[in-house]
DNA sequence: CATGAATGAGCGTTCATTCAT
DNA sequence: TATGAATGAACGCTCATTCAT
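Residue numbers (the working numbering), protein chains in the order written: chain A, 48 to 256; chain B, 48 to 256; chain C, 48 to 256; chain D, 48 to 256.
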């Protein structure tokens with residue numbers, strides 16, 4: 048069987064196996080890193096033979112791509128809840144940040160796994176396989192949230208692209224911090240980032256609520 | 048020949064070879080990543096045989112450690128210039144950010160190489176070799192700059208540790224951005240980050256709630 | 048697959064492969080020596096790829112350890128038959144010598160392989176891995192056979208340890224002789240050694256000064 | 048310069064260098080074994096560069112051949128003293144054994160080095176380079192001493208070749224014993240071996256002096 | 001004479017992948 | 001479906017040897 052992304056899994060059993068393998072891949076990536084997460088290591092954690100992994104996925108790269116897809120899907124759903132239309136832009140951006148960091152706090156291994164794959168998976172020519180090639184939908188999404196606020200006049204006149212990059216950087220760095228620094232205070236960090244972004248987006252800093 | 052860090056290089060020729068190899072290692076790390084930067088690849092770029100690299104360095108780990116040391120040394124010197132004592136804290140922090148991002152703009156491959164090594168080099172037990180274990184001097188340094196401002200009253204009352212993490216995240220993300228996004232405007236980003244940090248550290252948010 | 052010594056082989060196929068590889072390793076050790084018996088050479092003789100050897104054994108050291116174990120087990124069984132309890136001590140010692148030299152004559156490559164491994168396998172610190180460290184059970188066993196004879200009065204008063212060393216030296220040297228000297232007469236040598244040892248252990252050297 | 052064995056060394060300095068290197072090679076062989084005694088290790092012990100060793104000897108094999116030659120020469124001289132013509136055969140054989148074991152006791156490293164080289168140095172085709180090919184002068188010498196005794200009637204009727212092999216085996220094994228067993232009593236062993244050989248060679252065992 | 005820079009072949013090992021069962 | 005046997009390529013590394021200086 049080949050894993051045609053986007054095609055519905057044939058059976059429940061099959062889907063469950065795939066999920067199980069993806070979960071074990073995430074565990075391995077988070078604990079022993081990209082190079083350490085060999086097929087043998089992932090299979091060992093899943094309690095199956097190496098062949099099974101090759102059977103359900105079209106090789107290691109395909110499996111790691113599904114790790115990305117899986118985590119992005121779940122994180123995206125959690126974030127979408129907090130950035131639903133109809134709210135005022137400031138609340139949307141605040142919700143975006145809080146949802147991102149909350150997901151991080153609840154699923155640190157998932158995020159760590161995504162970071163490992165995104166930073167290391169490469170094509171044979173050496174270029175990043177999942178690198179921000181061209182568009183980067185994650186960044187574009189956040190940038191759009193900021194532009195929405197500017198369009199309605201709720202936000203001031205700042206460089207939306209740059210601020211989006213800054214926010215993503217501030218969010219992404221928290222993953223590594225969480226993994227290695229037991230003293231890291233995620234709640235305090237969330238509060239600070241929200242506060243900083245509010246100041247940065249405020250249309251009238253001197254009359255901030 | 049062994050690479051006794053801190054010991055004076057025996058000859059000019061030797062030092063030159065070591066620098067050349069380090070430069071090629073940086074190039075390889077930036078272009079094809081940690082796993083792709085094999086001894087063979089580095090040797091190929093240097094136009095020498097694999098044995099030469101083992102001759103000048105005590106193995107791959109030692110070479111990559113020297114890559115870190117080399118870049119940190121040069122970046123640290125550039126940053127130290129802009130954060131010299133005697134200035135007011137706001138200028139120091141601004142200088143810190145500008146120096147970091149300027150180094151990034153001038154030496155993107157060096158920074159990318161450091162990121163590759165720091166994110167991937169692991170000990171035999173699987174733990175990150177250069178990971179922020181315990182103290183993280185880079186972060187502690189920035190945190191201290193912020194605390195200095197708070198101590199003098201130049202800065203307000205914020206969580207210095209969290210802001211330091213935020214700033215480092217905003218700086219570090221710029222490396223990946225620069226490497227993959229040709230439209231990335233480093234100057235605009237620098238300006239925005241400086242402005243955001245100024246607002247975050249401002250001692251007198253007098254209209255703020 | 049790991050080679051858990053003492054654990055039952057999982058399948059018949061696996062056990063057969065392991066035996067085949069051990070046999071080829073013995074052949075290689077006997078013919079081209081310790082350094083020449085590389086994984087590639089052993090794999091070549093077995094008609095498989097290098098990876099197979101690593102698959103069935105936990106590296107070269109583990110394989111060579113199993114060579115020792117395998118030969119010792121078979122030789123030990125052959126010797127035990129001839130040194131069964133209940134016989135008089137002189138018969139036991141004679142049986143010991145004859146069984147050793149008979150095994151040598153029937154399995155010269157096996158013994159040569161053991162000699163290669165025992166003489167050359169070293170720990171990372173340089174010390175012999177299978178060297179007579181501390182007790183040397185082979186020597187101790189023979190020494191005990193001699194002491195048993197002394198205890199019953201069947202043997203005279205000689206230095207049992209020294210005679211054991213002498214006998215082992217006389218046995219071990221026959222391996223190299225057999226391998227390189229086509230004129231070596233094993234039967235005559237066995238007869239002489241038995242005769243010499245009988246004189247040395249004789250309880251009644253009544254005409255002796 | 049090439050080391051044409053048998054040609055007189057050009058200068059005193061040169062000869063001294065060669066002796067120094069041979070001495071260090073012996074040391075290395077005795078301490079870290081055949082594989083561990085690399086050119087680099089030998090050069091390190093001699094306090095010179097690797098090139099020097101290659102300069103004074105025609106490669107590693109040539110150097111190790113000279114190690115053999117050097118030790119054999121010195122041991123042979125010591126043995127010759129004790130086996131001078133004109134003595135009765137029993138004294139000659141006794142002298143041979145005592146001289147061998149005395150040399151071993153006084154120069155254990157030299158003998159250990161010889162054992163390492165003789166057991167491991169091989170030709171490209173895998174055959175032993177210094178193995179007892181064809182004649183084995185050492186063994187033939189001892190065999191002749193025994194035959195001399197038989198010819199004069201001093202010794203009885205035994206298989207001289209076999210007894211020579213036995214004696215050599217008993218002597219050679221003492222080297223390994225001495226190196227690894229601190230409790231080994233060389234004097235006692237020498238006494239036992241001499242006594243055993245006297246019994247074995249005695250023309251009239253029941254009238255032994 | 002002596003050095004040390006450099007090579008190139010071979011080492012043991014790992015691992016993604018394939019495939020017969 | 002699932003296994004595990006097997007491959008083959010690449011890895012980091014060591015070492016005897018060569019050679020310009």
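For each residue, glycine too, the CB sits at the ideal point set by N, CA and C.
Coarse secondary structure for residue i, derived from DSSP in three states
i, result
"residue 65/C", "helix"
"residue 53/C", "Here residue 53/C scores only 41 on pLDDT, less than 50, and its place in the model should not be relied on; the value that follows carries that caveat. If DSSP states are grouped into helix, strand and coil, residue 53/C belongs with coil."
"residue 205/B", "coil"
"residue 169/D", "strand"
"residue 251/A", "coil"
Where residue i falls, given that 16 or more other Cβ within 10 Å makes a residue buried
i, result
"residue 202/C", "buried"
"residue 74/B", "buried"
"residue 222/D", "buried"
"residue 257/A", "Here chain A has residues from 48 to 256 only, and residue 257/A is not among them."
"residue 66/D", "exposed"
"residue 208/C", "buried"
"residue 59/D", "exposed"
"residue 80/A", "buried"
"residue 196/A", "buried"
"residue 251/A", "exposed"
"residue 88/B", "buried"
"residue 170/D", "exposed"
"residue 55/C", "Caution is warranted here: a pLDDT of 44 is assigned to residue 55/C, below 50, making its placement in the model unreliable, and the coordinate value is therefore given only provisionally. Counting Cβ neighbours within 10 Å, residue 55/C comes out exposed, since fewer than 16 surround it."
"residue 158/C", "buried"
"residue 72/C", "buried"
"residue 204/A", "exposed"
"residue 198/D", "exposed"
"residue 237/C", "buried"
"residue 219/C", "buried"
"residue 121/C", "exposed"
Residue range of the alpha helix (DSSP H) that includes residue i
i, result
"residue 185/C", "184-199"
"residue 87/B", "86-93"
Notebook entry, point to check: Is the region 156-167 of chain B touching the region 110-125 of chain B in the sense that three or more CB pairs, one from each, lie closer than 8 angstroms?
Noted result: Result yes; three or more Cβ-Cβ pairs closer than 8 angstroms.
- Enumerate, from N- to C-terminal direction, the unbroken alpha helix (DSSP H) stretches of 4 or more residues contained entirely within the region 102-157 of chain A. 107-129 and 136-153, all fully within the region 102-157 of chain A.
| query | So, do the region 172-181 of chain B and the region 221-228 of chain B have three or more beta carbon pairs nearer to each other than 8 angstroms? | reply | With the cut-off at 8 angstroms, the region 172-181 of chain B and the region 221-228 of chain B do not touch.
- Query: Do the region 206-221 of chain B and the region 231-251 of chain A meet, that is, are 3 or more Cβ pairs less than 8 angstroms apart?
  - Reply: Yes, they touch.
Check: Touch check for the region 139-152 of chain B and the region 97-112 of chain B: three-plus C-beta pairs under 8 angstroms?
Finding: Contact between the region 139-152 of chain B and the region 97-112 of chain B is absent, because fewer than three Cβ pairs lie under 8 angstroms.
Query raised in the report: Hey, is the region 127-139 of chain C in contact with the region 191-208 of chain C, meaning 3+ C-beta pairs nearer than 8 angstroms?
Result: A contact between stretches requires three or more CB pairs, one per stretch, nearer than 8 angstroms, and the region 127-139 of chain C meets this requirement with the region 191-208 of chain C.
Point to revise | Whole alpha helix (DSSP H) elements within the region 203-242 of chain A, 4-residue minimum | key: Here the runs fully enclosed are 207-227.
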